[in-house]
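Okay, structure first, notes after.
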Amino acid sequence: MEQLTALLPMQRAAIQSVHGGATLRKRLLDMGLVPGAEISVVRVAPLGDPVEYMVKGYRLSLRRSEASQVMIQRLPCADCDQPAEEGCDSQQASRCPRWLRWLYGGTHGR
Amino acid sequence: MAGKADTSPVVVLAGNPNAGKSTIFNTLTGGRQHVGNWPGKTVEVASGVVRWNGQAVTLVDLPGTYSLSAHSPEEVIARDFILEQRPDAAIVVADATNLERNLYLAAQVLELGAPVTLALNMMDRAEAEGIAIDVELLARLLGVPVVPTVGTRRQGLMDLVGLAVTEAASHPNLIDYGNELEAEIAALQPQLGALIASDTPRYTTLKLLEGDRLVAQALGDTPQAAALRQQAEEAAARVQAVYGDDVELLVADRRYGFVHGLAHQVVKRHGGHRPRSLTDRIDDIAAHRVLGLPIFFGLMALVFKLTADASAPFVDWIDATVNGVLANWVAAALSAVAAPAWLTSLLVDGVMAGVGGVLVFLPVLLILYLCLALLEDSGYMARAAFVMDKLMHLLGLHGKSFIPLIVGFGCNVPGILATRTLENRRDRILTGLMVPLMSCAARLPVYVIFAAAFFPRHASAVIFGLYLLGIALAVLTGLLMRRTLFGKTTDSLFVLELPPYRLPAWRGLRTHMWRHSAEFVHKAATLILAASVTVWALLNLPVGVASTEESVFGRLAGAIAPAFEPLGFGNWQAAGSLVTGLVAKEVVISSMAVIYLGDAPDEPPEPVDLAADVRGIVVGFGQAVVDSARIVLSMIPGVDLMGDEPPQTDTALSQALQTHFTPASALAFLVFVLLYAPCIAAMGALKAEFGGKWMAFSFTYLLALAWITGFVTYRVAGWLFGG
Numbered sequence: 367m368e369q370l371t372a373l374l375p376m377q378r379a380a381i382q383s384v385h386g387g388a389t390l391r392k393r394l395l396d397m398g399l400v401p402g403a404e405i406s407v408v409r410v411a412p413l414g415d416p417v418e419y420m421v422k423g424y425r426l427s428l429r430r431s432e433a434s435q436v437m438i439q440r441l442p443c444a445d446c447d448q449p450a451e452e453g454c455d456s457q458q459a460s461r462c463p464r465w466l467r468w469l470y471g472g473t474h475g476r
Numbered sequence: 005m006a007g008k009a010d011t012s013p014v015v016v017l018a019g020n021p022n023a024g025k026s027t028i029f030n031t032l033t034g035g036r037q038h039v040g041n042w043p044g045k046t047v048e049v050a051s052g053v054v055r056w057n058g059q060a061v062t063l064v065d066l067p068g069t070y071s072l073s074a075h076s077p078e079e080v081i082a083r084d085f086i087l088e089q090r091p092d093a094a095i096v097v098a099d100a101t102n103l104e105r106n107l108y109l110a111a112q113v114l115e116l117g118a119p120v121t122l123a124l125n126m127m128d129r130a131e132a133e134g135i136a137i138d139v140e141l142l143a144r145l146l147g148v149p150v151v152p153t154v155g156t157r158r159q160g161l162m163d164l165v166g167l168a169v170t171e172a173a174s175h176p177n178l179i180d181y182g183n184e185l186e187a188e189i190a191a192l193q194p195q196l197g198a199l200i201a202s203d204t205p206r207y208t209t210l211k212l213l214e215g216d217r218l219v220a221q222a223l224g225d226t227p228q229a230a231a232l233r234q235q236a237e238e239a240a241a242r243v244q245a246v247y248g249d250d251v252e253l254l255v256a257d258r259r260y261g262f263v264h265g266l267a268h269q270v271v272k273r274h275g276g277h278r279p280r281s282l283t284d285r286i287d288d289i290a291a292h293r294v295l296g297l298p299i300f301f302g303l304m305a306l307v308f309k310l311t312a313d314a315s316a317p318f319v320d321w322i323d324a325t326v327n328g329v330l331a332n333w334v335a336a337a338l339s340a341v342a343a344p345a346w347l348t349s350l351l352v353d354g355v356m357a358g359v360g361g362v363l364v365f366l367p368v369l370l371i372l373y374l375c376l377a378l379l380e381d382s383g384y385m386a387r388a389a390f391v392m393d394k395l396m397h398l399l400g401l402h403g404k405s406f407i408p409l410i411v412g413f414g415c416n417v418p419g420i421l422a423t424r425t426l427e428n429r430r431d432r433i434l435t436g437l438m439v440p441l442m443s444c445a446a447r448l449p450v451y452v453i454f455a456a457a458f459f460p461r462h463a464s465a466v467i468f469g470l471y472l473l474g475i476a477l478a479v480l481t482g483l484l485m486r487r488t489l490f491g492k493t494t495d496s497l498f499v500l501e502l503p504p505y506r507l508p509a510w511r512g513l514r515t516h517m518w519r520h521s522a523e524f525v526h527k528a529a530t531l532i533l534a535a536s537v538t539v540w541a542l543l544n545l546p547v548g549v550a551s552t553e554e555s556v557f558g559r560l561a562g563a564i565a566p567a568f569e570p571l572g573f574g575n576w577q578a579a580g581s582l583v584t585g586l587v588a589k590e591v592v593i594s595s596m597a598v599i600y601l602g603d604a605p606d607e608p609p610e611p612v613d614l615a616a617d618v619r620g621i622v623v624g625f626g627q628a629v630v631d632s633a634r635i636v637l638s639m640i641p642g643v644d645l646m647g648d649e650p651p652q653t654d655t656a657l658s659q660a661l662q663t664h665f666t667p668a669s670a671l672a673f674l675v676f677v678l679l680y681a682p683c684i685a686a687m688g689a690l691k692a693e694f695g696g697k698w699m700a701f702s703f704t705y706l707l708a709l710a711w712i713t714g715f716v717t718y719r720v721a722g723w724l725f726g727g
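Just so you know, the protein sequences line up as chains A and B, in that order.
For the working numbering, count along the first sequence from 1 and bump the result up by 366.
For the working numbering, count along the second sequence from 1 and bump the result up by 4.
Shown next, in the form of structure tokens:
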């Protein structure tokens, strides 16, 4: 289990649990971030925060502080079907120059 | 269900934001809408009447929400409306391209006991994306009529209204929440029924178990109510012990489970891998890591130019028509019936000037609301918030707060009104308090005249410095107010849907423009008119007063002048021009011209030539359209249709100012003009948006800020300039 903020662009995960204050938590649940739902990172905002996610077939943006309240379990990524953990990461790194990854939000997981 | 026979049926429209609910509402009601308070509610919802089958049906447009819990004002409004007004039917507008999350809201409306008809909107788009929905199966599974719609086609929508009135069905027991929770609901429900009469006992019980504050409060203060609340808490604790999750999460989870199953059964996707949509491709540029911010600032510059510049010819046209031609007609008509001079003066200089003062905002507001509606309806507004949020969040604001602030540089009035695009009231007020510190275009003439008279070699640096000072103080204000006024509340949530880009419908844009502009005129007119007449009265009393200095106004100005002594301009002339500046900031200069250089002699009304005047008005409007078009075209880089306007200089006034001000006191005066309460129209806008209390607060705060900053400026500048 890790925080949603650890997910990088193009990676997928399943939501495990949702925390945070009553208002945030209820809002996240209402927006479809319920346990079991699949979520992936689309892109990071120009200034590094917030982050755009794809969940339940629509685009949702969350501040890092909000995303950190969502716990996830990584899924193998759609393209490569590699086992979860770091498979996707390393494959993307080899495929994609560093500056291009930064451009599309590579500084995401701090 | 049959509508109540004697009264016209009320049908509410509910739906997610961006599901196309407003488009449907606008298409059905056209321009015939009414924004008003419903009995017992202080919140405004839009409603309109449509005729179906010879019957008048009242349509109510509820705020767009994702859910009906009590966590946001919009949700509370929508929920309370359904609970308290008991509409005859609810049309839930669902976006067919995103069925699951939209059905989540539909399920809640059904649980509220309202008879529902489901409108599957944007079916054309869903088909284009390779999504096929089995409409009949969905209707059967949900037990309510389901109608595929395209928001802009009126005929299909009339059928929808007809179906809602005749066949909408209610299913308050839609979802099975599992053995444990259902057992607790079954145990509590009879006790609730004994305590209060509820049309929706199951729903209320469930909310009680979820720990919904508003529902718990509604039970009342009796010992029985307290006992029931206690029981509900214990029951919730038992459920949590079994599932390890609290009831709120359990309910959301179960409800999503239900709609997920539903969507799974009725939605078929063909074509394995979804191609990248147009939205993805636009966002690759519009929300790009590097290009995102420049594109945002470019669009903001465009909005600013449009509201400030493209509206200017129309503003001048309205001013010339009302205060020129029409005022001349009134004066001529009054002199024909030998009315006393004071009456003519009251009507022309007081009332008509006030009416003109309200109407000149119309072109500005129409263009502003057009821009905002374009940004909002196209889907870009959410991207603007996305790229700007980090920066604005440092000030404790939402990403969308940037837009009102930028617009405020053109004119504070539309800036304050643009705060409405923010969802959270705290953000709206905080931004509304910051907007007046954005130096609006009306303050510029004052800077130009003073800077040219006192700092000819550094005029542009002085003017630029004033703009920066305003921004810096706005940032400080934001930080200060956030800590003090709203200290206890945490920052508002961001959690924002980035909807697919869409081509805005003209009908929606038009409705938006007119409705909001008319609303401002309606709400601010009284205040502006009253201020105009008051200033007139002060200037012309006591009856037969010869000079400004001897009028009530001059004496009042003399009385408050000592307050400005520490700022270096403690004379009645400066104080008086600041007071008239409340009507509009640029009036400071014209007042000074009158006060220092003497009044222009009263001209007798020109002879009225009705035909020529009407022709002049029409030609003037045509000219304004042409000028405005030229200004818009000149915004395209490389196109310049404007030519350079000669700078306005008023040497006589400059000389007069140099004898009355020192450089230090002139600078302090400029700082004061920048900061003290913006014009009466901006105050009217604050009152219209946030109420009289916040208007009074803003007025006092700005006055104090202006005095303190002006004082510091005078002392520091005096020390720097050597006296």
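Note that beta-carbon positions come from the ideal geometry of N, C-alpha and C, so glycine has one too.
Exercise for the section: Determine which residues share a DSSP beta bridge with L1/B and list them. Expected result: Here chain B comprises residues numbered 5 to 727, so residue 1/B is not present and cannot be evaluated.
Exercise for the section: Would you verify that the beta carbon of A291/B is, or is not, closer than 8 Å to some beta carbon of chain A? Expected result: Here residue 291/B corresponds to residue number 287 of the second sequence, with the count starting at 1. It does: the Cβ of A291/B has a partner Cβ on chain A nearer than 8 Å.
Practice task
Give the DSSP-derived three-state secondary structure of P682/B in the structure shown.
Solution key: Walking along the second sequence from the start, residue 682/B turns up at place 678. Coil at P682/B, not helix or strand.
Practice task
Kindly say whether P416/A, judged by its beta-carbon, lies nearer than 8 Å to any beta-carbon of chain B.
Solution key: Indexing the first sequence from 1 puts residue 416/A at position 50. Yes, because at least one Cβ of chain B sits closer than 8 Å to the Cβ of P416/A.
Exercise for the section: Flag R409/A as yes if its beta-carbon sits less than 8 Å from any beta-carbon of chain B, otherwise no. Expected result: By one-based count along the first sequence, residue 409/A stands at place 43. It does; some Cβ of chain B falls within 8 Å.
Exercise for the section: Just the chain A side, please: which residues come within less than 7 Å of S71/B by C-beta, in chain order? Expected result: Here the question's residue 71/B lines up with position 67 in the second sequence. Near S71/B (Cβ distances below 7 Å), the residues of chain A are D396.
Exercise for the section: Compute the Euclidean distance between the alpha carbons of M204/B and L114/B, then round it to the nearest angstrom. Expected result: Taking the first residue of the second sequence as 1, we reach residue 204/B at position 200. Taking the first residue of the second sequence as 1, we reach residue 114/B at position 110. Inspection of the sequence shows that residue 204/B is occupied by Thr rather than by Met. Rounded to whole angstroms, T204/B to L114/B spans 11 Å at the Cα level.
Handout entry: A256/B at chain A interface by Cβ criterion, 8 Å
Key = The sequence position of residue 256/B within the second sequence is 252, counting from 1. Contact of A256/B with chain A is assigned, a C-beta pair being separated by under 8 Å.
Handout entry: Delimiting residues of the alpha helix (DSSP H) encompassing L87/B
Key = Numbered from 1 along the second sequence, position 83 holds the residue referred to as residue 87/B. From DSSP, the alpha helix (DSSP H) with L87/B extends over P77 to Q89.
Handout entry: Endpoints, the alpha helix (DSSP H) within which L218/B is located
Key = Residue mapping note: residue 218/B aligns to position 214 of the second sequence, counting from 1. Element bounds for L218/B: R217 to A222.
Problem - chain A contacts from the region 258-275 of chain B (Cβ-Cβ distance under 7 Å) - result: Cβ contacts with chain A come from Y260.
Practice task
Below 7 Å between beta carbons is the criterion; list the residues of the region 499-517 of chain B that meet it against any residue of chain A, in chain order.
Solution key: Against chain A - using a Cβ distance shorter than 7 Å - the residues of the region 499-517 of chain B are V499, L500, E501 and L502.
Exercise for the section: Could you check what DSSP says for L426/B in three-state terms: helix, strand or coil? Expected result: In the second sequence, counting from the first residue as 1, residue 426/B sits at position 422. Here L426/B sits in coil by DSSP.
Practice task
Using a Cβ-Cβ cut-off of 8 Å, state whether P412/A counts as contacting chain B.
Solution key: Within the first sequence, residue 412/A is the residue found at index 46, counting from 1. Yes, contact with chain B.
Exercise for the section: Residues of the region 380-393 of chain B with a CB closer than 7 Å to any CB of chain A: list them in chain order, please. Expected result: So the list reads F390, V391 and D393, given in the order they occur along the chain.
Problem - Whole-Å CB distance - Y680/B paired with L582/B, under 8 Å assumed - result: Locating residue 680/B in the second sequence gives position 676, counting from the first residue. Locating residue 582/B in the second sequence gives position 578, counting from the first residue. The pair is a contact, with the Cβ atoms about 7 Å apart (cut-off 8 Å).
Practice task
Measure from the alpha carbon of Q382/A to the alpha carbon of each residue in S427/A, G398/A, T389/A and P412/A, then state which is nearest.
Solution key: By 1-based counting over the first sequence, the position of residue 382/A is 16. Comparing Cα-Cα distances from Q382/A to each of S427/A, G398/A, T389/A and P412/A, the minimum goes to G398/A.
Problem - Residue-level contact to chain A via CB, R280/B, 8 Å cutoff - result: Counting from 1 along the second sequence, the entry for residue 280/B is found at position 276. Not one chain A Cβ lies under 8 Å of R280/B.
Practice task
Can you check DSSP and say which residues form a bridge with P375/A?
Solution key: The residue given as residue 375/A occupies position 9 in the first sequence. According to DSSP, which records beta bridges pairwise, P375/A is partnered with V407/A.
Problem - DSSP beta-bridge partners of E184/B - result: On the second sequence, position 180 is the one that residue 184/B refers to. The partner list for E184/B (beta bridge, DSSP) is empty, contrary to what the question assumes.
Handout entry: 8 Å Cβ cutoff, P650/B in contact with chain A
Key = By 1-based counting over the second sequence, the position of residue 650/B is 646. The pLDDT assigned to P650/B is 48, lower than 50, so where the model puts this residue is not dependable; a value taken from the coordinates is nonetheless given after this. Output row for P650/B: interface = no.
Problem - Contact under 8 Å by Cβ, S12/B with Q59/B - result: The sequence position of residue 12/B within the second sequence is 8, counting from 1. The sequence position of residue 59/B within the second sequence is 55, counting from 1. In this structure, Q59/B lies closer than 8 Å to S12/B by Cβ.
Problem - As assigned by DSSP and simplified to three states, the class of E452/A - result: Here residue 452/A corresponds to residue number 86 of the first sequence, with the count starting at 1. In this prediction, E452/A scores a pLDDT of 43, lower than 50, which makes its location untrustworthy; no coordinate-derived value is stated.
Exercise for the section: Closer than 7 Å by C-beta to G166/B: which residues in its own chain qualify, once you throw out the five before and the five after it? Chain order, please. Expected result: Taking the first residue of the second sequence as position 1, residue 166/B is located at position 162. Excluding its 5 nearest sequence neighbours in each direction, G166/B has C-beta neighbours in its own chain below 7 Å: W56 and N57, listed in chain order.
Exercise for the section: Can you grab the Cα-Cα spacing for the pair W711/B / L560/B, in whole Å? Expected result: Your numbering for residue 711/B matches position 707 in the second sequence. Your numbering for residue 560/B matches position 556 in the second sequence. Going by the C-alpha atoms only, they are around 18 Å apart.
Problem - chain B contact residues for L426/A, given Cβ-Cβ distances below 9 Å - result: Counted from its first residue, the first sequence places residue 426/A at position 60. What L426/A touches in chain B: V499, L500, E501 and L502.
Exercise for the section: State the beta-bridge partners of S638/B as determined by DSSP. Expected result: Your numbering for residue 638/B matches position 634 in the second sequence. Per DSSP, S638/B has no beta bridge partner at all.
Problem - Neighbourhood of V154/B by C-beta distance below 6 Å, restricted to the same chain and skipping five residues each side - result: On the second sequence, position 150 is the one that residue 154/B refers to. Cβ within range, chain order: D128.
Problem - V384/A: contacting residues in chain B (beta-carbon distance under 8 Å) - result: Position 18 of the first sequence, counted from the first residue, corresponds to residue 384/A. Per Cβ cutoff of 8 Å: L253.
Problem - Neighbouring residues, chain B, relative to V400/A (Cβ below 7 Å) - result: The sequence position of residue 400/A within the first sequence is 34, counting from 1. Per Cβ cutoff of 7 Å: A256, D257 and Y260.
Handout entry: Interface flag, E188/B vs chain A, CB-CB below 8 Å
Key = Position 184 of the second sequence, counting from 1, holds the residue named residue 188/B. Chain A contact via Cβ: absent.
Exercise for the section: If I'm right that E104/B touches A267/B with Cβ under 8 Å, what's the distance once you round it to whole angstroms? Expected result: Reading the second sequence from its first residue, position 100 is the one you call residue 104/B. Reading the second sequence from its first residue, position 263 is the one you call residue 267/B. A267/B and E104/B do touch by the CB rule: their CB atoms are close to 4 Å apart, below 8 Å.
Handout entry: chain A contact for L395/B (CB, 8 Å cutoff)
Key = By one-based count along the second sequence, residue 395/B stands at place 391. Yes - at least one Cβ of chain A is within 8 Å of the one on L395/B.
Problem - M392/B vs L434/B beta-carbon contact at 8 Å - result: Looking up residue 392/B in the second sequence gives position 388. Looking up residue 434/B in the second sequence gives position 430. Cβ atoms of M392/B and L434/B: not closer than 8 Å.
Handout entry: C446/A (DSSP reduced to helix, strand or coil)
Key = Looking up residue 446/A in the first sequence gives position 80. Note on C446/A: pLDDT 48, under 50, position unreliable in the model; the coordinate value appears next. Reduced to three states, the DSSP call for C446/A is coil.
Handout entry: Under 9 Å from the C-beta of R393/A: neighbouring residues of chain B
Key = Counted from its first residue, the first sequence places residue 393/A at position 27. Ordered by position in chain B, the residues that pass the 9 Å Cβ test against R393/A are Y70, S71, S73, H75, S76, L497 and V499.
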